[in-house]
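Numbering (my numbering), first residue to last: 4 to 95.
Heads up, the beta-carbon is just placed ideally off N, CA and C, and yes, glycines get one too.
Encoded as structure tokens, the structure appears first; notes follow it.
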């Protein structure tokens with residue numbers, strides 16, 4: 004299944020686009036790698052099936068035959084990247 008950031012944009016295209024912009028910005032202060040990494044993580048939680056169901060329901064967007072109505076509850080999509088980054092940082 005393809006994951007989406009919004010109805011007209013795949014999640015991977017969104018993440019790589021944000022990562023490129025963050026890399027460019029962070030490169031100005033010699034931290035391009037950090038910018039790219041954090042850009043890729045910022046919406047990691049949108050891979051969660053609950054987010055994809057939310058998008059389908061609230062944007063009248065077809066994500067396939069497995070779509071369910073989860074109502075207007077906005078799933079948390081920002082914590083996943085922060086949790087991942089925190090766990091990785093502990094190992095550095």
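- Annotation for residue 26: 35, 36, 38, 39 and 42 place their beta carbon closer than 8 Å to its own, counting only its chain and skipping 5 residues before and after.
- Between residue 87 and residue 44, the C-beta gap is smaller than 9 Å, which places the two residues in contact.
- Straight across, the Cα-Cα distance linking residue 81 with residue 46 is about 6 Å.
- Bounds of any alpha helix (DSSP H) do not take in residue 7; it lies within the beta strand (DSSP E) bounded by 7-9.
- Judged by DSSP secondary structure, residue 38 falls within the alpha helix (DSSP H) whose first and last residues are 35-44.
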